[in-house]
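Below is one structure, written out as structure tokens, with a few remarks after it.
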Amino acid sequence: MHPAWQGKTAVITGGGSGIGRALAHALAGRGATVIVTDIDLPAAQKVAAECAGASAHALDVRDADAVRTLVEAAAREHGRLDYIFNNAGIAVGGETEEISAAAWDRVIDINLRGVINGVMAAYPIMLAQGCGHIVNTASLAGLVPAPLLTPYAMSKHAVVGLSTSLRIEAARRGVRVSVLCPAAIETPLLDTVGVAGLPPPLWIPNARRFLARLSGPPHPVARFAEEALAAILRNQAVIVIPGRARIGWRIGRLFPRLVEKISQGAVQAERDERKRGLG
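Numbering of the sequence shown is given in the working numbering, commencing with residue 683 and proceeding in unit increments.
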């Protein structure tokens, strides 16, 4: 138990796996009441069963009415809404000219509009309370270029802009806003080969190998959750994890041409793997 989290109410979207699952475990372990949501209800139920006092609900973050209904119900049931973690997201990659319009739409609908829907559901409640914390999951790809992951990077840059701008609006009204910007984290997203319900892409880079070239090996997801919650308690605006990613981010801001050169090398290495049939 942790006094800063004990008795707090937190809604997590995309809580059935990966970062969402790790956050649910970390929050429940600190005494928070966690509402785990995911488009995959069995996955959410499994996570909720692993977390003391948690509940599970099916939720498609693309449905603004469903998001608002769930968030309002959680606030009524528990008497308040302390945190919302707008975490649901997907990854789409490959050569930009080979990515379908439907894939671009799906990324925008889930990664960006899903966050907007969560914000618009939770923010009025938190304003009425005079307190609360909105935590949006973006990515290091929302702060630096991410070639071969262009739709994903586009959406995550938008989430960073949304979060940092809203943070300033909300600050004197009692509501906090933070954005999570992890580098590669050890989650199933690293091994994603396509988007459910869409035709398979012509080619996608090996995300695990490619991201390791760009930012180092994947960071353990449980450690990420611990570090993220500590930064949230400090009311940190932009939370970049792990530490080496913060160094890379700062170097990139100072020497953008260096980042371009390194990234171009990583892209070419993936293209070479594709030619050899190893992509």
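Cβ atoms here follow ideal geometry from the backbone N, Cα and C, with glycine treated the same way.
- Using a 10 angstroms sphere on the CB of residue 802, the tally of other CB atoms stays under 16, which defines it as exposed.
- In the DSSP assignment, residue 737 forms a beta bridge with 717.
- Scanning the segment 837 to 881 from its first residue to its last, the whole beta strand (DSSP E) runs of 3-plus residues come out as 857 to 864.
- DSSP places residue 799 in the uninterrupted alpha helix (DSSP H) bounded by 796 to 811.
- By the beta-carbon neighbour count (other beta carbons within 10 angstroms, threshold 16), residue 761 is exposed.
- In the pairwise beta carbon analysis, the segment 890 to 901 is classified as not touching the segment 722 to 729: fewer than three pairs are separated by under 8 Å.
- Assignment of beta-bridge partners to residue 765 by DSSP yields 692, 815.
- DSSP lists 861 as the bridge partner or partners of residue 920.
- Under the three-state reduction of DSSP, residue 901 is assigned to strand.
- If you ignore the 5 residues before and after residue 880, its C-beta comes within less than 8 Å of the C-beta of 782, 784, 785, 788, all in its own chain and listed in chain order.
- The three-state reading of DSSP puts residue 827 in coil, since its state is none of H, G, I, E or B.
- Between the beta-carbon of residue 835 and that of residue 828 there is about 4 Å, and that keeps the pair under the 8 Å contact cut.
- About 18 Å separates the CB atoms of residue 843 and residue 769; that is not less than 8 Å, and the two are not in contact.
- Here residue 927 is buried. Its C-beta has 16 or more other C-beta atoms within 10 Å.
- Residue 775 and residue 806 have their C-alpha atoms some 35 Å from each other.
- In the displayed model, residue 937 falls within coil according to three-state DSSP, outside both helix and strand.
- The straight-line gap separating the alpha-carbon atoms of residue 944 and residue 817 is approximately 31 Å.
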